[in-house]
Amino acid sequence: MTEPTVYELTVPGRVGFKFPASDVPQVDLPAGFEREELPLPEMSELDAVRHFTRLSQLNYAIDLGFYPLGSCTMKYNPKINEVTSRLAGFGLTHPRQPEDTVQGNLYLMYTLQEWLKEIGGFAGVTLQPAAGAQGELAGSLIIRKYHVDRGDTQRTRMLIPDSAHGTNPATSAMIGFDVVALPSDERGNVDLEALKSLCDDRLAGLMLTNPNTLGLFDENVAEVVRIVHAAGGLVYGDGANMNALLGVFRPGDLGIDVLHYNLHKTFSTPHGGGGPGSGPVAVSEALLDYLPEPVVKIVEEGDDETPPLFGFYRPAKTIGRMKAFHGHFGMHVRAYTYIAMLQQEGLRDIAEKAVLNANYLMHRLKDTYTLPYKRTCMHEFVLEGVWKDVPEIHALDIAKRLMDYKFHPPTNYFPLNVHEALMIEPTETENLETLDSFADAMLKIAEEARTNPELLKNAPHNTPVRRADELKAAKDLVLCCYPMDELQSK
Amino acid sequence: MFTPHTEHDVEVMLKRIGVAKVGDLFEKIPEAYRYPKLNLPPQLTEMEALAELQEIAGSNGSTQDLLCFLGAGAYDHYIPAAVDNLLQRGEFYTAYTPYQPEISQGTLQAIFEYQSLLAQLTGMAICNASHYDGATAAAEAVIMAYGHFRQKRKKVLVSRAVNPQYRAVMRTYMQGSPELKITGDEPEVGIDAGMQAFIDLIDNDTALVMVQYPDFFGRVIDYKPVIDAVHAQGALVAVAVNPTALGVLTPPGEIGADIVFGEGQPLGIPLSYGGPYLGIYAINDELLRKLSGRLVGSTTDVEGNLAYVLTLTAREQHIRREKASSNICTNQGLMALASTIYLTLLGKHGLQQVANLCYQKAHYAAGELTKLPGYALQFGDTPFFHEFVVKTPGKVDHLLEDLRGYDILGGYDLGQDYPELEGCLMVAVTEKMSKNDIDTLIDAVGEVSHD
Amino acid sequence: MEYPKDLHYLKTDEWVKIEDGVATIGISDYAQDALSDVVYVEFEPDAGDKVEAGATLATIESVKAAAEVVFPVGGEVLELNTALADSPEKLNDAPYGDGWLAKVQLDGEPDLSGLMDAAAYEEYCKGR
Chain R
0 MTEPTVYELT VPGRVGFKFP ASDVPQVDLP AGFEREELPL PEMSELDAVR HFTRLSQLNY
60 AIDLGFYPLG SCTMKYNPKI NEVTSRLAGF GLTHPRQPED TVQGNLYLMY TLQEWLKEIG
120 GFAGVTLQPA AGAQGELAGS LIIRKYHVDR GDTQRTRMLI PDSAHGTNPA TSAMIGFDVV
180 ALPSDERGNV DLEALKSLCD DRLAGLMLTN PNTLGLFDEN VAEVVRIVHA AGGLVYGDGA
240 NMNALLGVFR PGDLGIDVLH YNLHKTFSTP HGGGGPGSGP VAVSEALLDY LPEPVVKIVE
300 EGDDETPPLF GFYRPAKTIG RMKAFHGHFG MHVRAYTYIA MLQQEGLRDI AEKAVLNANY
360 LMHRLKDTYT LPYKRTCMHE FVLEGVWKDV PEIHALDIAK RLMDYKFHPP TNYFPLNVHE
420 ALMIEPTETE NLETLDSFAD AMLKIAEEAR TNPELLKNAP HNTPVRRADE LKAAKDLVLC
480 CYPMDELQSK
Chain A
0 MFTPHTEHDV EVMLKRIGVA KVGDLFEKIP EAYRYPKLNL PPQLTEMEAL AELQEIAGSN
60 GSTQDLLCFL GAGAYDHYIP AAVDNLLQRG EFYTAYTPYQ PEISQGTLQA IFEYQSLLAQ
120 LTGMAICNAS HYDGATAAAE AVIMAYGHFR QKRKKVLVSR AVNPQYRAVM RTYMQGSPEL
180 KITGDEPEVG IDAGMQAFID LIDNDTALVM VQYPDFFGRV IDYKPVIDAV HAQGALVAVA
240 VNPTALGVLT PPGEIGADIV FGEGQPLGIP LSYGGPYLGI YAINDELLRK LSGRLVGSTT
300 DVEGNLAYVL TLTAREQHIR REKASSNICT NQGLMALAST IYLTLLGKHG LQQVANLCYQ
360 KAHYAAGELT KLPGYALQFG DTPFFHEFVV KTPGKVDHLL EDLRGYDILG GYDLGQDYPE
420 LEGCLMVAVT EKMSKNDIDT LIDAVGEVSH D
Chain W
0 MEYPKDLHYL KTDEWVKIED GVATIGISDY AQDALSDVVY VEFEPDAGDK VEAGATLATI
60 ESVKAAAEVV FPVGGEVLEL NTALADSPEK LNDAPYGDGW LAKVQLDGEP DLSGLMDAAA
120 YEEYCKGR
């Protein structure tokens, strides 16, 4: 089924929204700057509403069904978040308002900073980074500046495990670090011997995702941190997988120096079809002065009568500003709402149920699909989507066939150190029946692979579109649609 | 609350896994650190949480109660009801990145339409699926230009009239490339609309020249001489834009800009105390291979039907890892959708109308304000769009504080960022301000100025 | 899968053919197959540049992957196969023919000690 584009729906003369007429005297636009053509759509409000509603119906989403996209933590996004973040006092405040008119915003940001410090075991938090990748950038710049300030300008080597997200090496390279890949051992942990051999006075640090993208908690994490610190390096924690650790373990307690959170993964802010994210960064005591500006603090303590006064400050050795204004405040409100409803007891429950769900699914699937690392997993696990007896079937075919069963496929072809990877993260918000029906579908697909492989190779069959020609998309690039009259004149 | 497990479910699951209790699944976590006591308050129900958040929100003054003449990078526009209503469809906001095109055509087509609308609005060939905000888009322009010349050209010139936050962010991003010099925004180069001192700095070591349109002070400047001078040296030009202004002003694409970027917040995105916003990023087609961020293209499926997919993904970090030009992973998906709906609803006539209203009302306000004794336009008869700078007779911070007594956010104190503009107030006027609102501001300024 | 006998191969899947002091360089059949459909080739040096063995020659993008190609030998870049800009599919169709990437004028006798012959490379590929 094909939905026309907004340009195809355009009928010249139609108007979808009308502003009040001007109530001030008319003046001319500046001479020489007047725009001649403004090729935008023309349609009624109802036509626009139907168009976007129909588009929404072509999507799969958490609100429609199970979405076990590994490493993305597609948990339920509580509806109350959408109510609180839209309260006029939050949603309609201007970022340049004087601090005394937005004490509520500053209180909320300060409290969220405090909670994130406490949850991860850190000394300070900035809410500014716009997404996990930007949090990595902020954290890496902090590590870089820390070394530079100590005169250790030769420390430019960043160790990155082979199972890491692509953003880790991309971020390091962006700020001039040399990326050195660190292999995993046969149990999926950081290879300690390889780590030791790379630890010298060129070491800036290690970027560690723990649990890693295989869903495994590194069994030697204390030793890994000790080795890096002994060589003068710092340990960056990629908090993408913090959902497994809430209330159970604090990375800061073990000496992790910097960590970013993904509010859109762990703290239930919506993924929004690809963003916005939000990537607060937490640091240890020694790195407090390097946080990006601005950070919220109490500028005047309160007493029984008056609340404390909150304000922004610029840390002494700050790496600078990461984006305009104060971060994705709308996401801060949502994360605050979520944490307020959980706290110690609820956070621990999240981690426990996330890990329970993942292990249960793993046990239901491990005899039918190859499980490369046979260990208790954390919040996710990775299977090989390929069998020796039906070599023509790939992880991609399994993923596509799952759509016919009304499930979103797991992440495929990541992590890179597992052949034909299928990375499955059920999250804590799914019930037993859902997990079972997904497992049943996976087992059925394994059967179909043997009895009717074409069913997989040609999947999906009943989706709005079928497998798309990605080569054609890349070679005959069409990145825009144009207004109808322009199309017709061609 | 958000976990559905009954005790019986847990029993069934543990039995299948083969462990006695949930805690056994965490035994690899060093025991000494397991289950820390967290210093957090007691948990709230939804009813209690809402009450608490209403109280916190209620302690703010918002643009619902205050007349907002503040701009300086974020603008108080009216957002049609349909925009937020459609954004709240779970099919949009609880989906993720459209990696599986067969079940993501809604998100993909919406991004494709976003790319199309913004390319048209900016007058450029290609627009990506967005960056975080205007400031980070500025940083991406610097990275793109530096990479385009393979790090051989070592100078980026940025006008002092570009948003100070954009300039700060690009410097943050480029700390790891100390051989690149970001310059041109020093006080001695100045903010003169003629820009001759700035143009004189352009040479063959320059990779990128960045200006803003309308500039940070709201001025509408003819950049043709700058662009010609840049192209004569073989360098690239990036122009930051306010998308509302492009409803009535010539787009930079028409006068030769290579990169057009900017803050997309005015296109239907709430102020929300600074975020999430939208980083518009459009280019000419020669820069396509250096473009970072997501892109959607159209193609066909196996049955020959039209389909949309993420394309040219081999540029991105998840494939290229340390060879990628940017580490960006997400886009501002939902905000891009908001602006797509906004531009579709307003369409050609609505965007022209809103741009015109902003222009007219700002000019009325400027005219009235400068009738007051001691108030004058700082930049004389230089054209401006919906924001302008007035020289005031006293201290701006005192004036703004006095205006708050009238429930007015009077504008932005430019002395904070520009010492040479001490005593200057920057006022933004959008379509939301009626003549009556503007007169209220003028009367209040008149009254407090006599004190 | 083809492994022409008159070529020398690198572990990173580049091939080089030496004729009259000129080295022609490309990527192997194995490499093009692993990359799948190539959509874009970007050359790092310009014709006329002096390059050393190991320097980056080009980045090749396919629909799903990106790969860096290095010079197996050093010298002066005589010619780059710029026709690949318009028809990158030549890399898939004829990796040892029209899909060549660069020609390099050698300084003297090239050091081929780090390279494999066809038999060794074939063995190496089968083990992957």
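Chains as they are written, first to last, in numbering that gives the first Met the number 0: chain R, 0 to 489; chain A, 0 to 450; chain W, 0 to 127. C-beta atoms are modelled at their ideal positions from N, C-alpha and C, and glycine is treated no differently.
Contacts around residue i, its chain only, beta-carbon distance under 8 Å, and the 5 residues preceding and following it disregarded
| i | result |
| --- | --- |
| residue 333(A) | 86, 91, 92 and 275 |
| residue 38(W) | 60, 61, 62 and 87 |
| residue 267(R) | 74, 75, 76, 77, 80, 333, 334 and 337 |
Local Cβ density within 10 Å of residue i, reported as buried at 16 or more and exposed below that
| i | result |
| --- | --- |
| residue 167(R) | buried |
| residue 514(R) | Residue 514(R) falls outside the range modelled here, since chain R spans only 0 to 489, and no answer is possible. |
| residue 445(R) | buried |
| residue 474(R) | buried |
| residue 301(R) | exposed |
| residue 419(A) | exposed |
| residue 437(A) | buried |
| residue 335(A) | buried |
| residue 486(R) | Legend: pLDDT at residue 486(R) = 47, less than 50; position of this residue unreliable, no value from coordinates given. |
| residue 443(A) | buried |
| residue 27(A) | buried |
| residue 312(R) | exposed |
| residue 5(A) | exposed |
| residue 196(R) | exposed |
| residue 277(R) | buried |
| residue 149(R) | exposed |
| residue 240(R) | buried |
| residue 177(R) | exposed |
| residue 19(R) | exposed |
| residue 301(A) | exposed |
Contact set for residue i: own chain, Cβ-Cβ below 7 Å, skip 5 residues either direction
| i | result |
| --- | --- |
| residue 365(R) | none |
| residue 106(R) | 309 |
| residue 220(R) | 209 and 253 |
| residue 396(A) | 412 |
| residue 122(W) | none |
| residue 179(A) | 145, 153, 155 and 173 |
| residue 183(A) | 156, 157, 158, 197 and 200 |
| residue 65(R) | 406, 407, 429, 433 and 437 |
Presumed contact (8 Å Cβ cut-off) between residue i and residue j, rounded CB distance
| i | j | result |
| --- | --- | --- |
| residue 70(W) | residue 50(W) | 5 Å |
| residue 281(A) | residue 123(A) | 4 Å |
| residue 384(R) | residue 378(R) | So it is not a contact: roughly 20 Å between Cβ atoms. |
| residue 135(R) | residue 100(R) | The pair is not a contact, with the Cβ atoms about 34 Å apart (cut-off 8 Å). |
Own chain residues within Cβ distance below 6 Å of residue i, not counting five before or after
| i | result |
| --- | --- |
| residue 99(W) | 23, 25 and 80 |
| residue 125(R) | 280, 290, 291 and 294 |
| residue 353(A) | 430 |
| residue 326(R) | 126 and 127 |
Original post:
Along the region 452–469 of chain R, what residues have a CB closer than 7 Å to any CB found in chain A?
Top reply: 459, 462, 463, 464, 465, 466, 467, 468 and 469
**OP:** Pick out the complete alpha helix (DSSP H) segments inside the region 23–110 of chain W, 4 residues or longer, and give them in chain order.
**Re:** Listed in chain order, the complete alpha helix (DSSP H) runs (minimum 4 residues) inside the region 23–110 of chain W are 28–34 and 89–92.
Subject >> Segments assigned alpha helix (DSSP H), at least 4 residues, entirely inside the region 1–76 of chain A >> reply: Counting whole runs of 4 or more residues, the region 1–76 of chain A contains the alpha helix (DSSP H) stretches 6–16 and 45–57.
**OP:** Could you name the residues of the region 27–57 of chain W whose beta carbon sits closer than 9 Å to any beta carbon of chain R, in the order they occur along the chain?
**Re:** 35, 36, 38 and 39
Subject >> beta strand (DSSP E) runs wholly inside the region 114–159 of chain R, at least 3 long, in chain order >> reply: 123–125
Subject >> alpha helix (DSSP H) runs contained entirely in the region 237–262 of chain R, provided each spans 4 or more residues >> reply: Restricted to the region 237–262 of chain R, not a single alpha helix (DSSP H) segment is unbroken, complete and at least 4 residues in length.
Original post:
For the region 299–322 of chain A, which residues have a CB atom closer than 8 Å to at least one CB atom of chain W, in sequence order?
Top reply: 311, 312, 313, 314, 318, 319 and 322
Subject >> Residues, ordered as in the chain, of the region 77–91 of chain R that lie near chain D by beta-carbon distance below 8 Å >> reply: Within the model displayed, chain D is absent; protein chains R, A and W are what it includes.
Original post:
Residues in the region 322–337 of chain R with C-beta within 8 Å of chain A's C-beta atoms, listed in sequence order?
Top reply: 322, 323, 324, 325, 326, 327, 328, 329, 330, 332, 335 and 336
Subject >> the region 282–301 of chain A: positions lying closer than 7 Å to chain W by Cβ >> reply: 288
Subject >> Residues of the region 130–153 of chain R whose Cβ lies closer than 8 Å to any Cβ of chain A, in chain order >> reply: For the region 130–153 of chain R, the set of positions with a beta-carbon nearer than 8 Å to some beta-carbon of chain A reads 130, 131, 132, 133, 135, 136, 140, 143 and 144 in chain order.
**OP:** With a floor of 4 residues, list each alpha helix (DSSP H) that falls wholly inside the region 157–198 of chain R, ordered by position along the chain.
**Re:** The region 157–198 of chain R contains, as complete alpha helix (DSSP H) runs of 4+ residues, the segments 166–173 and 191–196 (chain order).
Original post:
Name the residues in the region 225–255 of chain R whose C-beta lies less than 7 Å from a C-beta of chain A; which are they?
Top reply: If the cut-off is 7 Å between Cβ atoms, the region 225–255 of chain R has 246, 247, 248, 249, 252 and 253 near chain A.
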